[in-house]
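Chains as they are written, first to last, in the working numbering: chain G, 13 to 146; chain F, 13 to 146.
Written out below as structure tokens is the structure these notes cover.
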DNA sequence: TTACTGTACTATATAAAATAGTACACATAG
DNA sequence: CTATGTGTACTATTTTATATAGTACAGTAA
């Protein structure tokens, strides 16, 4: 389920955060699903428990999962995307950087649009995270 | 011309790299243009010269600029985008991450496509970096 | 020569990330 | 109740990337 590349420049805890969010979008993870416990996942992927905890806390901060003390971590049922100005700016920044790199990789506008559409398709027909609940 | 945010989590040298590449795409920087010298730019934005040098070396490594010892750094005239498998994978990865974040920010597929198109438009009608030369 | 340019070092400081180990609080099955 | 598994909170240490500081050398050109 979870894989991690310790040699990557992307922090391990960040890789985990991304994988969970991606899993929710793809439907691999369904709201209410229980995630492996901190120690369990740490053993599974041979990573320090503290690193897992950091990932889970970040996911809870982003309201992606819900943590219940003594029980475990569960994919949130209550996720509500608000149109946050700051968040939108960050998203735009991410796309802006992606487009610059795509240009330098030699991709045309059409190819870029096609790429984005294919990625969107890979996350199913859902039009927002909320729809995952259905 | 160049601005930098020392408080950002993005390394300063990386911010500079991005700004130059973006400038080339936007047409603010034209092939053959001379960039400020290492010490000059360091003074301008109150950053250590070593940091500027790191940015310039990275840009030269990416064939975005050409460095002539004793003279200065110039926007490359010879940039040639090759369809590099690995590079394409990195670009796809960047877009994938952007899409995940966009979803969690509440954007629909249509809104995401519109956003990407508007970014593409902001870089002019060029269909590749090569066209900047004309 | 003089004054620029890039380049190459060494040394130091800082911050983020990850590991290691310990301890405590909560939940639940027995 | 106990035992086990859960999240949580620490402290300490190591490693790596980033940035700064300072010095020195090599190439370019007026």
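Note that beta-carbon positions come from the ideal geometry of N, C-alpha and C, so glycine has one too.
Every value quoted in this text rests on a predicted model; they were computed, and no experiment measured them.
Of all alpha-carbon atoms in G/66, G/118 and G/44, the one lying nearest the alpha-carbon of residue 91 of chain G is that of G/44.
Under DSSP, the beta-bridge partners assigned to residue 47 of chain G are G/85.
Annotation: residue 69 of chain G to residue 89 of chain F spans about 48 Å, alpha carbon to alpha carbon. Looking at the DSSP output, residue 79 of chain F shares a beta bridge with F/85. Below the 7 Å Cβ cutoff, chain G contributes 112 as neighbours of residue 34 of chain F, in chain order. Annotation for residue 114 of chain G: 124 place their beta carbon closer than 6 Å to its own, counting only its chain and skipping 5 residues before and after. Taking a cut-off of 8 Å on C-beta distances, the stretch 96-113 of chain F does not touch the stretch 59-76 of chain G, as fewer than three cross pairs fall below it.
Bounds of any alpha helix (DSSP H) do not take in residue 16 of chain G, whose DSSP letter is neither H nor E. By alpha-carbon distance to residue 22 of chain G, the top candidate from G/135, G/132 and G/67 is G/67. Residue 94 of chain G sits in coil when the DSSP states are folded into three classes, being neither helix nor strand.
Under the three-state reduction of DSSP output, residue 100 of chain F falls in the helix class. Of G/79, G/63 and G/116, the smallest CA-CA separation from residue 18 of chain G is found for G/63.
In this structure residue 110 of chain G is buried. Its beta-carbon is surrounded by 16 or more other beta-carbon atoms within 10 angstroms. In the same chain as residue 53 of chain F, and ignoring 5 residues on each side of it, the C-beta atoms closer than 6 Å to its own belong to 64, in chain order.
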